[in-house]
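First comes the structure, then the notes that go with it.
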Amino acid sequence: MTTEQPVQQGATRPGSDDASQDPLFRGIGVALVTLFDDAGELDLKATVEHGARLVELGVTGILVAGTTGEASALDDNERARLIRELRAILPSSIPVFAGTGQPSARAAVHTSKRAIDSGADALLVLSPPRSLDPRPYYEAIAEACPTAPILAYHFPAASSPGLSVDALCSLPVIGVKDSSGDASRLLEEVRRFEGALYVGNPVLLALAGLLAINGAILAVANLDPALCRLALAGDAQAQLAIAELHRVTATGFPKAIKHELHLRFGTPTGVRLG
């Protein structure tokens, strides 16, 4: 049994017209947890050390201040410190990108510019809530951060209604993280969307590998990047195991994943949400 991902390296996914397009990364990225002490204070050192450990375990991209990172509970300075310290300690080959979605374009522009100024290599931008036309929102961020690669973020459970595939194809973005867990939508994205594709729900890892999409950005990669890689490479037992790990840790988020992390790595269990 191998932990390699041959389907990801040099493969062209079905429906892609641009085989030369360079994605932000390939393989397993992590939606990094933000670690807090028992009083709810940011444990910067523990978070950065955890990120570095995950790179040693094989993750190829790190998302800071995403949904899993309890982004809504971070202030601007905390977000900036996390980005700055992770970018400083990690190899330049590992992109550090930041979640910067906000309810309004004005707020998202501010958060995005601060993230880039702090050293983020790219932005992951959650779609705006209650918006049927997200183009002005994403266009405002792209105009304010003209050199920053932007990934759209489709997660209707967190920000309804999310992004239709029609809307996604019209946005000034280099790719998308799709956390819907909707296999039929993923197939439509493969057919129609020319940017990089990353699944955010681990139940679709085996399918993602079969379709040769660019990879995944996962909360469960905090716990077991190797198992995620096996599932992406088509290992059925690994896919079943990672789906169960996702079920367990998604119930009672963020306490459940912090508890499991503590059991595995001895990390602090403090939370700000939940």
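Numbering (our numbering), first residue to last: 5 to 278.
A virtual CB, placed ideally from N, CA and C, is assigned to each residue, including glycine.
Terminal residues of the continuous alpha helix (DSSP H) containing residue i?
i: D80; result: D80 to I93
i: A56; result: L48 to E60
i: G213; result: L209 to L214
i: L236; result: P229 to L236
i: V113; result: A109 to D121
i: Q106; result: Counting along the chain, Q106 falls outside any alpha helix (DSSP H), and DSSP gives it neither H nor E.
i: L244; result: A240 to A254
Mapping the DSSP letters down to three states, classify residue i as helix, strand or coil.
i: F269; result: helix
i: G179; result: strand
i: M5; result: Bear in mind that a pLDDT of 34 at M5, under 50, signals an unreliable position, so the model cannot answer this.
i: A161; result: coil
i: A156; result: strand
i: L191; result: helix
i: R196; result: helix
i: P150; result: coil
i: S133; result: Going by the sequence as given, residue 133 is Pro instead of Ser. P133: coil per DSSP, three-state reduction.
i: R30; result: coil
i: E143; result: helix
i: E264; result: helix
i: S174; result: coil
i: P258; result: coil
i: S20; result: Below a pLDDT of 50, predicted positions are generally treated as unreliable, and S20, at 49, falls in that range; the measurement from the model is reported next regardless. Note: S20 maps to coil in three-state DSSP.
According to DSSP, which residues form a beta bridge with residue i?
i: V203; result: D182 and A220
i: V100; result: I66
i: A35; result: L67
i: V169; result: DSSP lists no partner for V169.
i: G274; result: F40
In chain order, what residues of the same chain have a beta carbon less than 7 Å from the beta carbon of residue i, not counting five sequence neighbours either side?
i: F40; result: L46, D47, P272, G274, V275 and R276
i: G199; result: V177, I178, G179 and V180
i: Q243; result: L209, A210 and A235
i: A148; result: V113, S116 and K117
i: V252; result: A260
i: V52; result: E89, L90 and I93
Take residue i and list the residues in its own chain whose beta-carbon comes closer than 6 Å to its own, dropping the five residues that flank it on each side.
i: I221; result: G33, A35, L67, K181, Y202 and G204
i: L86; result: V68
i: L175; result: Y142 and A156
i: Q106; result: A112 and T115
i: F159; result: S183
i: V250; result: Reading off the sequence, residue 250 comes out as His, not Val. Closer than 6 Å at the Cβ level, and outside the excluded window around H250, lie P206 and V224.
i: P189; result: Looking at the sequence itself, residue 189 is Arg, so the reference to Pro does not match. Same-chain partners within the cutoff: there are none.
i: A144; result: A109 and V113
Quick one: what's got a C-beta closer than 8 Å to residue i's C-beta in the same chain, skipping five residues either side?
i: P150; result: none
i: G278; result: G256, F257, P258 and K259
i: A240; result: A210
i: L58; result: V34, L36, I66, A225, N226 and P229
i: P133; result: P107, S163 and S164
i: F197; result: V169, L172, C173 and V180
i: H263; result: T273
Where does the unbroken beta strand (DSSP E) through residue i begin, and where does it stop?
i: V129; result: A126 to L130
Could you check how far apart the C-beta atoms of residue i and residue j are, in whole angstroms? I think they sit under 8 Å.
i: L128; j: G70; result: 6 Å
i: R4; j: A119; result: No statement about residue 4 is possible, as the shown extent of the chain runs from 5 to 278 and does not include it.
i: F29; j: G213; result: No, F29 and G213 are not in contact; Cβ-Cβ is about 15 Å, not under 8 Å.
i: S131; j: L167; result: 5 Å
i: A126; j: I154; result: 7 Å
i: A223; j: T72; result: 4 Å
i: G103; j: A146; result: Going by Cβ atoms, the distance from G103 to A146 rounds to 16 Å, so no, they are not a contact pair.
i: G31; j: R233; result: 7 Å
Return yes when at least one heavy atom of the ligand HEM lies under 7 Å from the C-beta of residue i, else no.
i: A35; result: The ligand content of the structure shown is nil, which means the ligand HEM is not present either.
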